[in-house]
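Notes for the one structure printed next.
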Amino acid sequence: MASAQPISGTLFICGGGKIPDDALAHFVELAGGHKAHLVVITTASETAETSEVDSRLEFWRRQKLSELTILHTRDRHVADDPNFTAPLETATGVWFIGGHQQRVTDAYLGTRTETAIKGVLERGGVVGGTSAGAAIMSQLMITGGTPDHPELGYGLGFLPGTLVDQHFLKRKREKRLLHALSEYPKLVGVGIDENTALIVQGRKFSVRGESGVVVYLPPVGGKPPVARTLLEGMEADLLALHRAVQSRIHPKYQFDDAHPKPEGPSGTLVVVGGGEIPDEAAEKFVEAAGGPQALIVVVTTALGDKPDSESRAIAWLTEAGAKQVRFVHPQTRAEAEDPALLALLQKAGGLWFTGGRQWRLVDVFDGTAAEKAFHAVLTRGGAIGGNGGGASILSDYLVRGNPLSNKEIMAPGYEDGFGFLKGVAIDPFFTQRNRFSDMARLKREYPNLVGVGIDEETALVIKEGQIDVVGKNHVVVYDRDQPDEADERFEFLFGGDRYDLARRSRMGPPRDDQAAPRVAVAEPANDDADPEPQPPLACDE
């Protein structure tokens, strides 16, 4: 089965029943409105060859379109005929009416027609369907059967990495879908109810209609299934769902061990909580990388767009004495395997991750040769650092990885960082954005992690498990590992403080104002004014 990946064009998948006219009108708009070249495929219907099918075409015939073609055959030879597929070559939208999904795949799977429909998506068009026209969207297809014995076949595979079921809540089909998923645990389950549409664009799921869409992580290895219901206006990320499925089968890290031991790196880590990078942190980073003549590689992938001004972006490095700085901006996994990039990383004494959205780093580098090369920088005694989102990626537990929003601290599918720092979760912009209650939620879920909240213009310099704090603001450490206090008790560290990761304690004599750990505040984090801040290479999520 193909893995989940962003799709070209738009899928408009309806669960059957009465589809709201405004939802269908949105489909027409996606196809180009009055300029649309629309093809409606009636093959799923047993009445496709008769006039009885006409009542199901009334909506489409009422629309003001550039062209409307009704397409149907049950003959695979006809489905391979260029004359038959000609309307699809210029189509901007394709719609499958309901009926039985097996009729569609019997006629079109593996034919020129299937290829032409996929071409509509590749050109940026829209492909939709309802009921049986929804079931065909996944590569593995439920063709019928009972809840305990679903019958499976192959669909047209427009939505890879998923298994789609329809009429979902109305006909109580959860058991059927979960049974199928138990046999194919690498797929994301998608149950679409009647009167409801799932719209897929790129990697994003959104919902329109009266009911909901339920997405499932399959049961695996004694773990129960995980379900999430999406209602109108709600969104989900296909790749995040897929990654969550895979991590349940083959977890990269374990965060629920009885007593995971926090581990520092072989080399040096410099971790900045956002904003301006403290001069002392910059100087320590350059020194740990090998001094002014050492090669420092700056990874800007998290920004999304390549920075306009490299010279402005590295001002803090040049001011700290660095003479050799190279920028890299891989945006695909293939680029992360580029021999030229790997050769550059092999020479690097220092590696820096800019701010941005950390999910971009995961998508590009996770499991690649470049990620191994990152670790090699530390193994040979070099330095790795990051700011904002580029700081949180450095630990094994990754916070705020949701590609759709940085609001939630936990994002299944995007909870694995690069793991340079083990047993730790790093959250930047901590007190400025009042993220105490977020870290408390994380600690309730994973009490054995050391939670580290770093303020703007503040940094950690970490070597051999020892943390030195530099900068003008605070670091907040949640280091209790007992469930009844892990989420509530924490302490502040200030510039000049030193902390021992293995012992989970501040080093040196206690301060008068630090005699007892603090208690977490209850207010939620406030990121509303700055959901994805992106000043030059400095400090966003």
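Position 202 (the sequence shown) corresponds to 202 in this note's numbering; numbering is contiguous. Built from N, CA and C at the ideal position, the CB exists for glycine as well. All values derive from a computational prediction rather than experimental measurement.
Practice prompt. Please state whether DSSP places PRO82 in a helix, a strand or coil.
Written response: Working through the sequence shown from its first residue, we reach residue 82 at position 82. Reduced to three states, the DSSP call for PRO82 is helix.
Worksheet item: Fully enclosed by the segment 402-459, which alpha helix (DSSP H) runs are 4 residues long or longer?
Response: Entirely contained in the segment 402-459, the alpha helix (DSSP H) runs reaching 4 residues are, in chain order, 436-445.
Worksheet item: In chain order, which beta strand (DSSP E) runs of at least 3 residues are fully inside the segment 39-103?
Response: Secondary structure remark: continuous beta strand (DSSP E) runs of at least 3 residues inside the segment 39-103, in chain order: 67-71, 93-96.
Discussion item. Give me, in chain order, the residues of the same chain whose beta-carbon lies closer than 6 Å to that of LEU404; leave out the 5 immediate sequence neighbours on both sides.
Written reply: Translated into positions along the sequence shown, residue 404 becomes position 404. Counting only Cβ-Cβ distances below 6 Å, and skipping sequence neighbours, we find GLU235, ASP237.
Practice prompt. Could you tell me which of GLU488, ALA2, ARG503 sits nearest to LEU239, measuring between CA atoms?
Written response: Indexing the sequence shown from 1 puts residue 239 at position 239. The option with the nearest alpha carbon to LEU239 is ALA2.
Worksheet item: What is the rounded straight-line gap between the Cα of TYR353 and the Cα of GLY451?
Response: Here residue 353 corresponds to residue number 353 of the sequence shown, with the count starting at 1. Here residue 451 corresponds to residue number 451 of the sequence shown, with the count starting at 1. Going by the sequence as given, residue 353 is Phe instead of Tyr. Each residue's Cα considered, the two are about 20 Å apart.
Worksheet entry | Proximity to GLU210 [Cα-Cα], best of THR10, LYS18, TYR446 | To locate residue 210, count along the sequence shown from 1; it is residue 210. Nearest option by C-alpha distance: LYS18.
Practice prompt. Report the option in VAL364, GLY350, MET141, GLY349 whose CA atom is closest to the CA atom of ASP338.
Written response: Translated into the one-based positions of the sequence shown, residue 338 becomes position 338. With distances taken between Cα atoms, ASP338 lies closest to VAL364.
Fill in: Reference VAL362, options GLN63, PRO412, PRO218, closest by Cα
Looking up residue 362 in the sequence shown gives position 362. The closest CA to that of VAL362, considering only GLN63, PRO412, PRO218, is found on PRO412.
Worksheet item: Cα-Cα, which of GLY129, PRO160, LYS175, SER138 is closest to ALA197?
Response: Counted from its first residue, the sequence shown places residue 197 at position 197. Looking at the Cα atoms, GLY129 is the closest of the given residues.
Worksheet item: DSSP three-state call for HIS179: helix, strand or coil?
Response: As a working note, residue 179 is residue 179 in the sequence shown. DSSP places HIS179 in helix when its eight states are reduced to three.
Worksheet item: Between which two residues does the alpha helix (DSSP H) harbouring THR379 extend?
Response: Residue 379 sits at position 379 when you count from the first residue of the sequence shown. Membership of THR379 in the alpha helix (DSSP H) is indicated by the continuous run 369-379.
Worksheet item: Mind pulling the alpha helix (DSSP H) runs of 4 or more residues that sit fully within the segment 218-273?
Response: Fully enclosed alpha helix (DSSP H) runs of 4 or longer: 238-249.
Practice prompt. Would you kindly check if the distance between the Cβ of THR113 and the Cβ of PHE158 is under 8 Å?
Written response: Locating residue 158 in the sequence shown gives position 158, where the first residue counts as 1. Locating residue 113 in the sequence shown gives position 113, where the first residue counts as 1. No.
Worksheet item: Which residue comes first and which comes last in the alpha helix (DSSP H) that contains GLU337?
Response: Sequence index remark: in the sequence shown, residue 337 carries index 337 (1-based). No alpha helix (DSSP H) holds GLU337; DSSP gives it neither H nor E.
Practice prompt. Can you have a look at SER182 and say buried or exposed, based on whether 16 or more other CB atoms are within 10 angstroms of its CB?
Written response: In the sequence shown, the residue the question calls residue 182 occupies position 182. SER182 counts as exposed, since fewer than 16 other C-beta atoms from the protein chains shown sit within 10 angstroms of its C-beta.
Fill in: VAL286 - DSSP class collapsed to helix/strand/coil
As a position in the sequence shown, residue 286 is number 286, starting the count at 1. Here VAL286 sits in helix by DSSP.
Item to complete: Using beta-carbon positions only, say whether GLY355 and ALA302 come within less than 8 Å of one another.
Response: Locating residue 355 in the sequence shown gives position 355, counting from the first residue. Locating residue 302 in the sequence shown gives position 302, counting from the first residue. The answer is yes: Cβ separation under 8 Å.
Discussion item. If you measure between the beta carbons of VAL127 and ILE117, is that distance less than 8 Å?
Written reply: In the sequence shown, counting from the first residue as 1, residue 127 sits at position 127. In the sequence shown, counting from the first residue as 1, residue 117 sits at position 117. Yes, they are a contact pair.
Item to complete: Give the straight-line distance between the Cα atoms of ARG503 and ARG326, rounded to the nearest whole angstrom.
Response: Stepping through the sequence shown from its first residue, residue 503 is reached at position 503. Stepping through the sequence shown from its first residue, residue 326 is reached at position 326. Distance between the alpha carbons of ARG503 and ARG326 is about 37 Å.
Discussion item. Can you give me the C-alpha to C-alpha distance between GLU49 and ILE97, rounded to a whole angstrom?
Written reply: Here the question's residue 49 lines up with position 49 in the sequence shown. Here the question's residue 97 lines up with position 97 in the sequence shown. Straight-line Cα distance between these residues: approximately 14 Å.
Worksheet item: Does the beta-carbon of PRO428 have 16 or more other beta-carbons within 10 angstroms, so that it is buried, or is it exposed?
Response: Numbered from 1 along the sequence shown, position 428 holds the residue referred to as residue 428. Looking at its Cβ environment, which holds 16 or more other Cβ atoms inside 10 Å, PRO428 is buried.
Item to complete: Would you tell me roughly how many angstroms separate the C-alpha atoms of ASP455 and GLY495, rounded to the nearest one?
Response: Residue mapping note: residue 455 aligns to position 455 of the sequence shown, counting from 1. Residue mapping note: residue 495 aligns to position 495 of the sequence shown, counting from 1. Take the alpha-carbon of ASP455 and the one of GLY495: they are about 11 Å apart.
Discussion item. Beta-carbon within less than 6 Å of GLY417's beta-carbon, same chain only, minus the 5 sequence neighbours each way: which residues are those?
Written reply: On the sequence shown, position 417 is the one that residue 417 refers to. Excluding sequence neighbours, GLY417 sits near ILE393, SER395, ASP396, LEU398.
Practice prompt. Please report the residue range of the beta strand (DSSP E) in which ALA383 lies.
Written response: Your numbering for residue 383 matches position 383 in the sequence shown. The continuous beta strand (DSSP E) containing ALA383 extends over residues 383-387.
Fill in: Through-space distance from VAL297 to PHE255, alpha-carbon basis
The residue you call residue 255 lines up with position 255 of the sequence shown. The residue you call residue 297 lines up with position 297 of the sequence shown. For PHE255 and VAL297, the distance between alpha carbons rounds to 30 Å.
Worksheet item: Roughly how far, in whole angstroms, is the beta-carbon of GLY93 from the beta-carbon of LEU30, given that I think they are within contact range, below 8 Å?
Response: Stepping through the sequence shown from its first residue, residue 93 is reached at position 93. Stepping through the sequence shown from its first residue, residue 30 is reached at position 30. Yes, GLY93 and LEU30 are in contact; Cβ-Cβ is about 7 Å, under 8 Å.
Worksheet item: How long is the line joining the alpha carbons of ASP106 and LEU88, rounded to whole angstroms?
Response: For the purposes of this step, residue 106 is taken as residue 106 along the sequence shown, with counting starting at 1. For the purposes of this step, residue 88 is taken as residue 88 along the sequence shown, with counting starting at 1. Rounded to the nearest angstrom, the gap between the Cα atoms of ASP106 and LEU88 is 19 Å.
Discussion item. Considering only their Cβ atoms, is the gap separating LYS284 from VAL270 smaller than 8 Å?
Written reply: Residue numbering aside, residue 270 sits at position 270 when the sequence shown is read from its first letter. Residue numbering aside, residue 284 sits at position 284 when the sequence shown is read from its first letter. Remark: C-beta atoms of VAL270 and LYS284 approach each other more closely than 8 Å.
Discussion item. I'd like to check one pair, VAL190 with VAL220: are the Cβ atoms closer than 8 Å?
Written reply: For the purposes of this step, residue 220 is identified with residue 220 of the sequence shown, where counting begins at 1. For the purposes of this step, residue 190 is identified with residue 190 of the sequence shown, where counting begins at 1. The Cβ atoms of VAL220 and VAL190 lie no closer than 8 Å to each other.
Discussion item. Could you give the first and the last residue of the continuous beta strand (DSSP E) run that contains LYS118?
Written reply: As a working mapping, residue 118 is identified with position 118 in the sequence shown. LYS118 -> not in any beta strand (DSSP E); alpha helix (DSSP H) instead, spanning 112-122.
Worksheet item: Hey, VAL299 and LEU344 are a contact pair by Cβ (cut 8 Å); roughly how many whole angstroms apart?
Response: Position 299 of the sequence shown, counted from the first residue, corresponds to residue 299. Position 344 of the sequence shown, counted from the first residue, corresponds to residue 344. VAL299 to LEU344, Cβ: 11 Å. No contact.
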